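Presented below is the structure to which this report refers.
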Amino acid sequence: IAGIKRHLLERPTPSWYLSSALSAYGPEHWVTSSVSCGGRQQSPIDIVDQHARVGEEYQELQLDGFDNESSNKTWMKNTGKTVAILLKDDYFVSGAGLPGRFKAEKVEFHWGHSNGSAGSEHSISGRRFPV
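In this text, residue positions in the sequence shown follow full-length UniProt numbering: the first is 1, and each later residue adds one.
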């Protein structure tokens, strides 16, 4: 076990690791690693308000299990930039155009300028908001 643990601790950081959106490895540089990482459908995205349309085919986002009391398995973690809530119970997200039902694993908060980030991952007409 110690050998495995040491191996995991010593492995180098992969070249694609996103340490900062502004770093040499940020999203704007991903296309240099793989052509499929280029194009206009990459995260984060800027939703241009005047061009946005609501599709009639999209239903509301469904949150299943979030009304249930959490067990002792769910916990909060200081990530160094924000707080993350690690969901160990059965919480699921579906609807809103998602192609299935997905198990939620984590909730993160993007505070904005108070924690050195610009706020939300995605933007609306170039503006980010604290979440």
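Just so it is clear, CB atoms sit at the ideal spot from N, CA and C, and this is done for glycine as well. Quantities reported herein were computed from a predicted structural model and do not represent experimental measurements.
For G126, the CB contacts under 7 Å within the same chain, skipping 5 residues up- and downstream, are D46 in chain order. A contact between stretches requires three or more CB pairs, one per stretch, nearer than 8 Å, and the region 54–74 meets this requirement with the region 96–108. Apart from the 5 residues on each side of it in sequence, F92 sits with its Cβ closer than 7 Å to the Cβ of D64, G65, R101, F102, K103, A104 in its chain, given in chain order. For the pair D49 and K73, the CB atoms are not nearer than the 9 Å cut-off. Beta-bridge annotation (DSSP): D46 is paired with S123. Per the coordinates, the alpha-carbon of I124 lies some 23 Å from the alpha-carbon of K106. Relative to S43, the option among S70, W30, N78, V83 whose CA is nearest is W30.
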